[in-house]
Amino acid sequence: MAVLNYEDGVVVLHGPYSLRNVVRELGGVWDVHKGCWVFAEDANLTALCALDFIDMTPQAKTHLCGDSTPTAIRNMDDAPIMYGDDLFAYQRVGVRFLSTARRAILNDDVGLGKSVQAIRACHEVGAHKVLVVTKKSIIYNWQKQIEMWNKIPHSTWEVMNYERVVRDKDILLHNKYTALIVDEAQYIKNLRLQKSKSPQRAVAIAALAKKIPYVFLLTANVLQNNPTELWGLLRTLYPKKYTSYWRFVETYCDIGTNSFTGYRNVLGLKESSKPALTAEMSTVMLGRNKVGLPPLTHEVMYAQLGNKQREAYDQMLKQFFILIDEDESILHAGGALAQLTRLRQLSLCPALIGGTTESAKLDMLCDLVESYAPDHKILVFSMFRGFVDIITKTLNKYNAVSITGANTELQRRQAEDTFLNDNTCRVLVGSKAMVEGMNLQSATIVIFTDIDWVPTTMGQAIGRAHRTGQTKPVHVITIIADDTVDQHMYDVATGKETVINEFDAMTRVMLKMKGGDL
């Protein structure tokens, strides 16, 4: 329970930092030294009287307008955290929110760094043993994120997928974790369903959450407009408070009864309930979009090759090194260029050169599309036509269409029109043929499965979505197969020296591979 009081001539609110959405509009500022909200003497605080989670003392009621205005009060967005110098201001706010709320939902938009904020929030609360639950294809990427952002020495981080949590729940319950991070938390929202994998995940996560002091649920899906989904996450965080699904629904939703079955149906959120739901959620959920932030954001995600794919890659890598003659120009070594191309294809999918269909990148891509397709249209680029075909077939359930150099002009335009105007078509997959002459502003997610030799080509590809007429932020994801030629190509493409042409880029990449100077 938050308490509104009158202290030293100033009205102050003793409550969590996460109340920011409620009190900021009323003129409140966060006093980092006092750890409370402070209001100027001309602030109108009568709206706070209606909120049942705030207890107003008699002194506060008498002195809603204080005699003096506080001085030297920092903006709440600048509230210091232990490790915040390398974070954006909004990320510091997210860290403060999570660490203060203790059990909360971070509902930031795609590309705002939810994982970074969750990692640093664990630092803020002194969590030395952390369990991270995510999708299988993103486990390795989380390990890389922890490696980059973890600042606490001797801390223990375990990263595992949902399926393992379901399987090993009883064992995990005996581990004394201090913090739990649940990535892609929308996968545990259907706590009431009795079929499919969703309730199994939800039940397992809920059981763990009961025993762990700090629980951070991360999701990029906007849930507040659908309280029936939100309830599952709230119950995971606060099972004693959110005991009745129908009580929650009846409070915030319009409900109708099916005349044939007699069952009650949720029709949608009550317009009149939005302010109350916003107030209730302000203490447990924080969500920001990219308004006011750079409209174009970039993210690199690392995929770890599976055993068979890694074995095939390493074997071909040995052959590649044999071909390179130290006494001759690297690019003139017999077969080296062809072998380099095969290495790139192997890092994508061995099926491109007659191998198995095992592909770490394809697995990660499918998970990304599954997460983003409900709310975003997606462009996927590969420099290899064969992989474009594999992706398009794999993403058939999203009505994916493709454009390659094999298409006629009519086929290109038909695919473009379908993607722009058919809402059931969520994905457009293309090769270099999709780089020029197309306006694809309906896309807000751009994913590169591999890297082109010349960075400007990728820039042109991004420009298909991020261009005049685009009204929404665009998020770019580059998938890198770790410890492969991908990493060398990425280093060259993003290096300080300008890449002049493909010959120049290939030379630099081969020199890096030969010298091993990653």
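Per this note's numbering, the very first residue in the sequence shown carries number 39; after that it's consecutive.
Positions of the beta carbon are idealized from the N, C-alpha and C atoms, including for glycine.
Note that the coordinates shown come from a computational prediction; the quantities given were computed from them, not determined experimentally.
Quick one: grab the DSSP three-state call for E196. Looking at E196 - three-state DSSP - the assignment turns out to be strand.
Provide the residue span of the alpha helix (DSSP H) that contains I515, from first to last. Premise fails: I515 lies in the beta strand (DSSP E), 512-519, not in any alpha helix (DSSP H).
Please state whether the Cβ-Cβ distance between T216 and V168 is less than 8 Å. Using a Cβ distance threshold of 8 Å, T216 and V168 count as a contacting pair.
Where does E36 sit, in a helix, a strand or coil, going by DSSP? Any property of residue 36 remains undetermined from this structure, which presents the chain solely from 39 to 556.
Tell me where the alpha helix (DSSP H) around T281 begins and ends. According to the DSSP assignment, T281 belongs to no alpha helix (DSSP H), since it is labelled neither H nor E.
Reference V163, options E201, K248, F254, closest by Cα: Taking each of E201, K248, F254 in turn and checking the Cα distance to V163, the smallest one comes out for F254.
For E222, which three-state DSSP category applies? When secondary structure is reduced to three states using DSSP, E222 falls in the coil class, being assigned neither helix nor strand.
Would you decide whether L51 is buried or exposed? Buried here means 16 or more other CB atoms lie within 10 Å of its CB. With 16 or more other Cβ atoms from the protein chains shown falling within 10 Å of its own Cβ, L51 counts as buried.
Under 8 Å between C-beta atoms of A398 and G344: Going by beta carbons, A398 and G344 fall inside the 8 Å limit.
Which listed residue (P265, I293, G294) has its alpha carbon closest to that of E318: For E318, the closest of P265, I293, G294 by C-alpha to C-alpha distance is P265.
Determine the direct distance from the alpha carbon of E309 to that of N188, and round the result to whole angstroms. Going by the C-alpha atoms only, they are around 42 Å apart.
Report yes if the CB atom of Y276 is closer than 8 Å to the CB atom of R141, and no otherwise. Yes. Within cutoff.
Give the secondary structure of E337 by DSSP, where H, G and I count as helix, E and B as strand, and everything else as coil. When DSSP states are grouped into helix, strand and coil, E337 belongs to the strand group.
With a 10 Å radius around its C-beta and 16 neighbouring C-beta atoms as the bar for buried, classify D524 as buried or exposed. Under this definition D524 is a buried residue.
Reference L272, options I391, T430, D292, I243, closest by Cα: Nearest to L272 by C-alpha distance, out of I391, T430, D292, I243, is I243.
If you reduce the DSSP assignment to three classes, tell me which class V241 lands in. In the structure shown, V241 adopts helical secondary structure according to DSSP, grouped into three states.
Taking only the alpha-carbon atoms, compute the straight-line gap between S311 and W75 and give it to the nearest angstrom. Take the alpha-carbon of S311 and the one of W75: they are about 26 Å apart.
How many angstroms separate the CA atom of M198 from the CA atom of W269? Going by the C-alpha atoms only, they are around 25 Å apart.
Quickly, what does DSSP pair L255 with across the bridge? List them, please. In DSSP, L255 forms a bridge with I143, V220.
Please return the same chain residues whose Cβ sits closer than 8 Å to the Cβ of Q357, not counting the five positions on each side in sequence. The residues are Q377.
What's the gap between the Cα of S350 and the Cα of T316? The displayed chain sequence assigns Ala, not Ser, to residue 350. The alpha-carbon atoms of A350 and T316 are separated by roughly 53 Å.
For my contact list, M527 and V514 are in at a C-beta cut-off of 8 Å; report their separation, rounded to the angstrom. M527 to V514, Cβ: 16 Å. No contact.
Does DSSP put K8 in a helix, a strand or coil? What is shown of the chain runs 39 to 556, which leaves residue 8 out entirely.
Give me the residue from A374, H166, I517 with the minimum Cα distance to M402. It is I517 whose Cα lies nearest to the Cα of M402.
Taking 8 Å as the cut-off, does the region 173-181 touch the region 203-210 (at least 3 CB pairs, one atom from each stretch)? No, they do not touch.
How big is the Cα-Cα spacing for Y225 and I219? The straight-line gap from Cα to Cα measures roughly 13 Å.
Straight-line CA distance for M544 to K470? Between M544 and K470, the C-alpha separation is close to 18 Å.
Examine the Cβ distances between the region 481-494 and the region 411-427 and report whether three or more of them are shorter than 8 Å. Touching, per the Cβ criterion.
Quick one: using the 10 Å Cβ neighbour count with 16 as the cut-off for buried, is R195 buried or exposed? Looking at the sequence shown, residue 195 is not Arg but Trp. The C-beta of W195 has 16 or more other C-beta atoms within 10 Å across all chains shown, which makes the residue buried.
Taking the alpha helix (DSSP H) that K312 belongs to, which residues open and close that run? Counting along the chain, K312 sits inside the alpha helix (DSSP H) bounded by residues 312-319.
Bridge-paired residues (DSSP) for L417: According to the DSSP secondary-structure assignment, L417 is paired through a beta bridge with L466, V484.
I need the straight-line Cα distance from W491 to R348, nearest angstrom please. Looking at the two C-alpha atoms, the distance is approximately 23 Å.
Inter-residue Cα distance where the pair is A438 and G66: Answer to the nearest angstrom: the Cα atoms are 48 Å apart.
Backbone secondary structure at K227 - three-state DSSP: Residue state, collapsed to three classes: coil.
Can you tell me where the beta strand (DSSP E) with T172 in it begins and where it stops? For T172, the uninterrupted beta strand (DSSP E) run begins and ends at 167-172, by DSSP.
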